[in-house]
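Data first, discussion second: the structure below is written as structure tokens.
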């Protein structure tokens, strides 16, 4: 019976142009077509990869996944469906030479001790990708690699250990790890080591596989008798995930798995987690810094405006010789004005919606002047000259306007690139929806001469029209938003029902995004907001205070303070009840179809039994006000709010209102005062 020599397994994800090149290069191989099969596992691509392969390469076996299962799981699925004596794993962004498969197959068939073999891998510019021959990663060689010491001392065996840069690239070597871009492995060995470890979603799976092969006594061979071209990074370029986080997570799995080989693996694992934590914190810090930087610049110019105004006023009106002591004499007035500015900018959402909006800036200055002038009228030690205050307000507006116009001009003309304020200058928008009507709206907004909105792309549950600007599926909206530096999200009102909108945008909590809804006729559910008309398309601001970072912090701070106070007051009672009745654990539903354990006293009194829930509020499992606490014995309620000790439903019975509608109402109106109102109304109702 004839046995096919090799099964070629390719995992694809939105790489239509690259995978077609890859398959064409395989077909040009000098290997007989009966000796190989090509199996493509598509990880739920949203471009027309599958359709293109089906039309152009009818012989190719295609396995379509309903979601992105990751590289390891996809390869294993492809191998299970294959029948070749050997398995060749190729990345879709690879082009092989016509002798690649035949030469490597000859090598592997002549030596039964070879567990895996790989060719020389080169970049598109002809340089070698040193990752095609590597050592197993250790804390030391990884550190040298991180600080690029292998590039400074490539021939040194210590510094060049990670990528084995000291080895002659033109000679065959036994190595630890091959490039995951191309690996040829006998099927019996692939099955012996149970294939790829599916815990590795992406990255690290090639290192792990080579580790398992070597542990079985087989050799890993780097062979430069042939070479391939690898468009490095293209196979992961269109993924919506944060690839650096995915990489570090894979390394954590790797070190944990081979903990016996790494003496200090727990320390390594802890360091990986610290890196991930600090990287996430640094991203949030950068976003916060961009907000603070514009505020700092504004406050600096306000101070300069006061200094100039004080000099002009006293030198022209009173003919005084003005020095800096005169400015310090007015320090309380300046501080009062700055505090008024902070209040006004919050009222006008200046640093969220329109940092570079002239109208919003002018209104903020006017409100600031009114607040500060009123306070100086009623508070005696603020009673400085009204002329200085008025002149300072006018000059502040002029200075703040000038620096905004200048920054915008320099950025738009690419003279200087201000990363920290780019999100305020460039309105980078994504539209939810990929149907014809939404695309037409996007093109109309983009092509309107006076529009400042840059339509970066579209997202939806699928990409039926195979548009090029489709950025990914809507379930990955948060990753898409971060990766593409989106500042605004636009959605047609009729495209999704209101609850679906909230379910989607709740995932973007804390990113300080603007939501624009294109309304359809008169709608009661949508609250009135600012209307922006672009080429006949009305974009209504959809303000959701619940999702703003400041409200998130205030709500959490309130939960912590109140829970600590109540725990302190009830602690004697708590201890007595615990001794008599003990705790009872109840599993409750929370957001994203997950569940949490809530402690309560095993007592009939409904009020007393809930006292231990204060600990769950303190540690952030639930809030004082949120969704109704629902046991997992009940059907999952599809909460979009974190569960709360109290909910809007506790205040009174609403007619013809379901829980989702109440949650929607709460999200749109959430504030500290609203939470207090719910708590007080519930208390007095009891």
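Residue numbers (my numbering): 4 to 689.
Don't be surprised by glycine CBs; every beta carbon is placed ideally from N, CA and C.
Using the beta-carbon count (16 or more within 10 Å), is residue i buried or exposed?
i, result
"residue 443", "exposed"
"residue 453", "exposed"
"residue 475", "buried"
"residue 319", "exposed"
"residue 85", "buried"
"residue 673", "buried"
"residue 638", "exposed"
"residue 129", "exposed"
"residue 150", "exposed"
"residue 631", "buried"
"residue 220", "exposed"
"residue 213", "buried"
"residue 436", "buried"
"residue 205", "buried"
"residue 189", "buried"
"residue 574", "exposed"
"residue 135", "buried"
"residue 465", "exposed"
"residue 391", "buried"
"residue 553", "exposed"
"residue 137", "buried"
"residue 62", "exposed"
"residue 6", "exposed"
"residue 623", "exposed"
"residue 585", "exposed"
"residue 372", "buried"
"residue 558", "buried"
On a Cα-Cα basis, can you pick out the residue from the options that is closest to residue i?
i, options, result
"residue 25", "95, 369, 76", "95"
"residue 178", "112, 217, 334", "217"
"residue 123", "51, 230, 112", "230"
"residue 327", "339, 440, 313, 340", "313"
"residue 401", "53, 369, 623, 64", "369"
"residue 583", "521, 611, 364, 558", "611"
"residue 354", "455, 334, 374, 551", "551"
"residue 226", "456, 109, 56, 253", "109"
"residue 250", "208, 233, 260", "208"
"residue 45", "36, 28, 33, 18", "18"
"residue 461", "292, 155, 568, 433", "433"
"residue 343", "49, 255, 305", "305"
"residue 376", "407, 336, 412", "336"
"residue 564", "589, 598, 626, 518", "626"
"residue 104", "38, 379, 647, 378", "38"
"residue 101", "49, 29, 228", "29"
Please report the distance separating the alpha-carbon of residue i from that of residue j.
i, j, result
"residue 399", "residue 147", "52 angstroms"
"residue 331", "residue 450", "52 angstroms"
"residue 600", "residue 594", "13 angstroms"
"residue 635", "residue 10", "47 angstroms"
"residue 311", "residue 556", "38 angstroms"
"residue 366", "residue 676", "26 angstroms"
"residue 438", "residue 431", "20 angstroms"
"residue 578", "residue 281", "39 angstroms"
"residue 531", "residue 496", "The predicted model places residue 531 with a pLDDT of 45, which falls under 50 and marks its position as unreliable, so this point remains unresolved."
"residue 73", "residue 479", "15 angstroms"
"residue 649", "residue 681", "8 angstroms"
"residue 468", "residue 560", "46 angstroms"
"residue 358", "residue 440", "31 angstroms"
"residue 502", "residue 616", "Only weak support is given to the placement of residue 502: the predicted model assigns it a pLDDT of 46, under 50, and the question is left unresolved by the model."
"residue 21", "residue 15", "9 angstroms"
"residue 303", "residue 405", "13 angstroms"
"residue 654", "residue 647", "13 angstroms"
"residue 99", "residue 223", "20 angstroms"
"residue 347", "residue 374", "8 angstroms"
If we cut at 7 angstroms on Cβ distances, does residue i have a partner in chain C?
i, result
"residue 349", "Within the model displayed, chain C is absent; a lone protein chain is all it includes."
Run the proximity test for residue i: is its beta-carbon closer than 6 angstroms to any non-hydrogen atom belonging to the ligand ZN?
i, result
"residue 350", "No copy of the ligand ZN occurs in the structure displayed, which carries no ligand at all."
Check: Enumerated in chain order, which unbroken segments of the beta strand (DSSP E) with a length of 3 residues or greater are wholly contained in the segment 610-647?
Finding: Listed in chain order, the beta strand (DSSP E) runs fully inside the segment 610-647 are 626-628, counting runs of at least 3 residues.
Checklist line | Completely contained beta strand (DSSP E) runs for the segment 348-381, where each covers 3 or more residues | finding: Inside the segment 348-381, DSSP marks no whole beta strand (DSSP E) run of 3 or more residues.
Check: Along the chain, which unbroken stretches of the alpha helix (DSSP H) at least 4 residues long are found entirely within the segment 56-94?
Finding: Here the runs fully enclosed are 74-83.
Checklist line | Whole runs of the beta strand (DSSP E) within the segment 418-458, excluding any shorter than 3 residues | finding: Complete beta strand (DSSP E) runs here, min 3: 430-435.
Note to self: Across the segment 65-81 and the segment 163-177, are there enough close Cβ pairs to call them in contact, namely three or more that are closer than 8 angstroms?
What the structure shows: Judged by pairs of C-beta atoms under 8 angstroms, the segment 65-81 does not touch the segment 163-177, as fewer than three such pairs exist.
Next item on the list: Check whether the segment 8-22 touches the segment 87-107, taking contact to mean three or more Cβ pairs, one atom from each stretch, closer than 8 angstroms.
Entry: Yes: the two stretches touch, three or more of their Cβ pairs being nearer than 8 angstroms.
Next item on the list: At 4 residues or longer, and completely inside the segment 141-212: list those alpha helix (DSSP H) runs for me, N to C.
Entry: Listed in chain order, they are 142-149, 152-155, 190-195.
Next item on the list: Quick one: which unbroken beta strand (DSSP E) runs of 3-plus residues sit fully inside the segment 466-497? Chain order, please.
Entry: If we require 3 residues or more, the beta strand (DSSP E) runs fully inside the segment 466-497 come out as 473-476, 491-495.
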